[in-house]
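A.B. asks:
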Amino acid sequence: MANMENKNIITLAIETSCDETACAVLRNGREVLANEVHTQIDIHQTFGGVVPEIASRNHLDKISEIIERALEQAGVGFDDVDEIAVTYGPGLVGALLVGLSTAKALAYALEKPLIPVNHIEGHIAANYIAHPDLKPPFACLIVSGGHTHLVDVKDYTTFEIIGRTRDDAAGEAFDKIARTLGLGYPGGPIVDRLAKEGNPMAIDFPKAMMDQDHLDFSFSGLKSAVLNYLNSCRMKQVEINVPDVCASFQHAVIEVLKAKAAQALSQTGYDTLVLAGGVAANSGLRASLGQLKGIKLYYPPISLCTDNAAMIACAGYYQARAGQSGSLATNAVPNLKIGEKKYE
Ligand code: KG4
Ligand code: ZN
């Protein structure tokens, strides 16, 4: 029994929910032995966004190679793996099914438990890898391409959504603005870079729901305001100052996120704020939240902010310890919500 308790648990995880084919191997939930990510960004760039059918086919092409690379990097064999974690939602159904089917085949062949993981809960867990001292409970601001949520993380496997976007996700707005400005895909990192050269006060874009006492967000009005501004400049043949547009747009997003995050902390009584998701890579957002007084702020390094399988392995590890595992009947759930368990 003592031996069992001291045993190193090796978790292998697979992530294919969108346009990254990823496999990671972790020891005891937080130590990353391998974290392989193959991104399809260059393939989808031509189309200005992710094309689901192309994403699934590319996952199929790459998945075996990525798993082999991860095992090699970690210096472990299939026999050393104790559990298989996999993203089962939310995401593109065809893309999710490639990872899920592969994980099921491995779990069956190796006779190891299959741990179905919620992708968004994985983004939260990225912080446990980066910060060994971080423990729940805390408030988490999740901002990604498909999600903008404030979550009360009560423990490693218990989540309550306390605020959500009523329309677009923050990352979606970044991507749309960048596309309209002809800056390329994904837009977030490009807007972030250009914003540093612009004046955040140049254009007064709307900051929706700032003064309302709920924790919900809305970014569609801001997105439309930026698009209207650009159209009106073009119609009046006024030159567009791209860095100023990027800086002013980003400023509006950040002000709202900061106000709501501060409100979430006072509502929950926590002093710890955790940032997660692709937009957590935004340098302006990190700096601005860093100015909030009297709080402990955590965010992952950039490599763990965007999609990866290490975060899925970490979330899966804690689920497995809590006795939560799936079976070969587990299906992909494209619209899975945070805190939902929809597997058998
Ligand atoms: O979490 P993620 O990799 O995928 C989803 O699960 O959605 O997030 C991708 C999103 C994209 O919208 C991308 O433009 C945005 O994260 N993003 C950023 C930055 N880096 C990535 N947004 C703002 N600033 C960044 N530096
Ligand atoms: Zn993601």
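Residue numbers (our numbering): 274 to 617.
Just so you know, even glycine gets a beta-carbon here, dropped at the ideal spot from N, CA and C.
Since we're looking at a predicted model, the values are computed, not measured.
(1) Measuring only the C-alpha atoms, how far is A403 from P363?
(2) What distance in whole Å lies between the Cβ atoms of S561 and K531, which are believed to be in contact at a cut-off of 8 Å?
(3) Strictly by DSSP, which residues pair up with F320?
(4) Tell me which residues pass a beta-carbon proximity test against the ligand ZN: closer than 5 Å to any heavy atom, given in chain order.
(5) For G567, which of A553, E384 and L546 has the nearest alpha-carbon?
(6) Is it right to say V390 is buried, meaning 16 or more other beta carbons lie within 10 angstroms of its own, or is it exposed?
(7) Quick check: the Cα distance between C413 and E512, rounded to an integer number of angstroms?
(8) By Cβ distance, which residues of its chain are closer than 6 Å to P479, with the 5 residues on each side in sequence left out?
(9) Between S539 and A588, what straight-line distance do the alpha-carbon atoms span, to the nearest angstrom?
(10) Using the beta-carbon count (16 or more within 10 Å), is A595 buried or exposed?
(11) Taking C-alpha atoms, which residue in P462, L558, C291 and M483 lies nearest to H332?
(12) Taking 7 Å as the line, does the beta carbon of F447 fall inside it for any heavy atom of the ligand KG4?
(13) Where do the ends of the alpha helix (DSSP H) carrying R342 lie?
(14) What did DSSP end up calling H422 once you bin it into helix, strand or coil?
(15) Start and end of the beta strand (DSSP E) containing Y429?
(16) Would you report the Cα separation of R330 and Y381, rounded to the nearest angstrom?
(17) Taking all protein chains shown into account, decide if A343 is buried (16 or more other Cβ within 10 angstroms of its Cβ) or exposed.
(18) Measure how close the beta-carbons of A295 and V310 come, nearest whole angstrom, since I'm counting them as under 8 Å.
(19) Might you give, ordered along the chain, the residues of its own chain that have their beta carbon closer than 7 Å to the beta carbon of H524, omitting 5 neighbours on each side?
(20) Under 8 Å, do V349 and V298 count as touching if we go by C-beta distance?
(21) Name, in chain order, the residues that DSSP records as bridge partners for H311.
(22) Just checking my contact of E288 with I575 at CB under 8 Å: how many whole Å lie between their CB atoms?
(23) Whose CA, out of F411, I463 and S417, lies closest to the CA of D441?
(24) With distances taken Cα to Cα, identify the nearest neighbour of P409 among A535, A602 and Y591.
(25) Quick one: what does DSSP say K496 is sitting in, helix, strand or coil?
(26) Measuring only from the beta carbon, is G322 closer than 7 Å to any heavy atom that is part of the ligand KG4?
(27) Cβ of S329 within 7 Å of any heavy atom in the ligand GTP?
(28) Tell me whether the beta-carbon of A549 lies closer than 8 Å to the beta-carbon of A399.
C.D. replies: Taking the structure as given:
(1) Spanning the two alpha carbons is a distance of roughly 23 Å.
(2) A Cβ-Cβ distance of about 5 Å is found for the pair K531 and S561, placing them in contact under the 8 Å criterion.
(3) According to DSSP, which records beta bridges pairwise, F320 is partnered with nothing at all.
(4) Chain order is used for the residues whose beta-carbon lies nearer than 5 Å to a heavy atom of the ligand ZN, namely S417 and D580.
(5) Out of A553, E384 and L546, L546 has the C-alpha closest to the C-alpha of G567.
(6) Looking at its Cβ environment, which holds 16 or more other Cβ atoms inside 10 Å, V390 is buried.
(7) E512 has its alpha-carbon roughly 40 Å from the corresponding atom of C413.
(8) For P479, where only same-chain residues beyond five positions count, the Cβ hits under 6 Å are G494, L495 and A498.
(9) Rounded to the nearest angstrom, the two C-alpha atoms are 27 Å apart.
(10) By the C-beta density criterion, A595 is exposed, having fewer than 16 other C-beta atoms within 10 angstroms.
(11) Ranked by how close their Cα comes to the Cα of H332, the residues P462, L558, C291 and M483 have C291 in first place.
(12) Checking every heavy atom of the ligand KG4 against the Cβ of F447, one is found closer than 7 Å.
(13) Taken as a continuous stretch (DSSP letters only), the alpha helix (DSSP H) holding R342 covers P325 to A347.
(14) Reduced to three states, the DSSP call for H422 is strand.
(15) That residue, Y429, is in no beta strand (DSSP E); it is neither H nor E in DSSP.
(16) C-alpha of R330 to C-alpha of Y381: approximately 23 Å in a straight line.
(17) Label assigned to A343: buried.
(18) Right, their Cβ atoms sit about 5 Å apart.
(19) Annotation for H524: P473 place their beta carbon closer than 7 Å to its own, counting only its chain and skipping 5 residues before and after.
(20) V298 is positioned such that its CB atom lies closer than 8 Å to that of V349.
(21) In DSSP, H311 forms a bridge with T294.
(22) The pair is not a contact, with the Cβ atoms about 17 Å apart (cut-off 8 Å).
(23) Checked all of F411, I463 and S417; the closest Cα to D441 is S417.
(24) Looking at the Cα atoms, Y591 is the closest of the given residues.
(25) DSSP places K496 within a helical segment (H, G or I) once states are collapsed to three.
(26) Result no, Cβ not under 7 Å from the ligand KG4.
(27) In the structure shown, the ligand GTP is absent; the only ligands present are the ligand KG4 and the ligand ZN.
(28) The Cβ-Cβ distance between A549 and A399 falls below 8 Å.
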